[in-house]
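Trainee:
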Amino acid sequence: MNKEWNKDFVAIRKRLEEHLSAINEHTAEIQAMFDYLQELEIKVDKLSQRFDQMQLDLQLPRPKTIVAPLNQLERKVFLVLYTEEHMLSYPEIAEKAGISVSIVPECISSLIQKGIPFKRSFVGNQLFVGLEPQFKELQAKENVVNLSLQSFME
């Protein structure tokens, strides 16, 4: 009976090792895709900067910035980033906004979809985000996000 159990345990162990190997292979693929997307994002940012420079050189009017209305949570995260001079990590944003760290990436993504431009930087393996300086200046001059004094009080 012990031999049968040993045989069963060996079979189970072998299956678990195969499963672990498959997980490790997929993890490497995911990391490779993440690295590729990072490089792609950097290239898109450079193209955007070149386009902006071409607009300035040609003295073409910049398109009007339109931002969709923000919900309460998005407003909190926006205000944290708007009032900070330097870029912040997700844990720092969460702490200053008084929200869970797990909500921050979804909120940043939602803000991007609503038209708010961000700059991103990696230090080690940690992502830091901040508002584009030109957008901060535009927000200060034209209030494109439509913030009221009450927004700052909440």
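FYI, the numbering for the sequence shown is 1096 to 1249, going by my numbering. Think of the CB as a built atom: it goes at the ideal place given N, C-alpha and C, for glycine as much as any other residue. Here the structure is a predicted model, which is why all the values come from computation and not from measurement.
1) Quick check: what's the CA-CA separation for residue 1221 versus residue 1182?
2) According to the Cβ coordinates, are residue 1177 and residue 1199 closer than 7 Å?
3) What does a CB cutoff of less than 6 Å around residue 1230 pick up in its chain, not counting 5 residues either side in sequence?
4) DSSP three-state label for residue 1242, please.
5) Less than 7 Å between the beta carbons of residue 1240 and residue 1162, yes or no?
6) Is the distance from the Cβ of residue 1214 to the Cβ of residue 1227 below 7 Å?
7) Residue 1169 and residue 1205 look like a contact to me (Cβ under 8 Å); what is the Cβ gap, rounded to whole Å?
8) Measure the C-alpha to C-alpha separation of residue 1217 and residue 1197 and round it to an integer number of angstroms.
9) Mapping the DSSP letters down to three states, classify residue 1195 as helix, strand or coil.
Mentor: For this structure:
1) The residue you call residue 1221 lines up with position 126 of the sequence shown. The residue you call residue 1182 lines up with position 87 of the sequence shown. Taking the straight line joining both Cα atoms gives about 12 Å.
2) As a position in the sequence shown, residue 1177 is number 82, starting the count at 1. As a position in the sequence shown, residue 1199 is number 104, starting the count at 1. Going by C-beta atoms, residue 1177 is not nearer than 7 Å to residue 1199.
3) Stepping through the sequence shown from its first residue, residue 1230 is reached at position 135. So the list reads 1212, once near-sequence residues are dropped.
4) The residue labelled residue 1242 in the question sits at position 147 within the sequence shown. If DSSP states are grouped into helix, strand and coil, residue 1242 belongs with coil.
5) In the sequence shown, the residue the question calls residue 1240 occupies position 145. In the sequence shown, the residue the question calls residue 1162 occupies position 67. Going by C-beta atoms, residue 1240 is nearer than 7 Å to residue 1162.
6) Walking along the sequence shown from the start, residue 1214 turns up at place 119. Walking along the sequence shown from the start, residue 1227 turns up at place 132. Yes; because the gap between Cβ atoms is below 7 Å, this pair is in contact.
7) On the sequence shown, residue 1169 is found 74 positions in, with the first residue counted as 1. On the sequence shown, residue 1205 is found 110 positions in, with the first residue counted as 1. The Cβ separation is near 6 Å, so the contact holds.
8) Stepping through the sequence shown from its first residue, residue 1217 is reached at position 122. Stepping through the sequence shown from its first residue, residue 1197 is reached at position 102. Residue 1217 and residue 1197: Cα-Cα distance of roughly 18 Å.
9) By one-based count along the sequence shown, residue 1195 stands at place 100. Of the three classes helix, strand and coil, the one that applies to residue 1195 here is coil, per DSSP.
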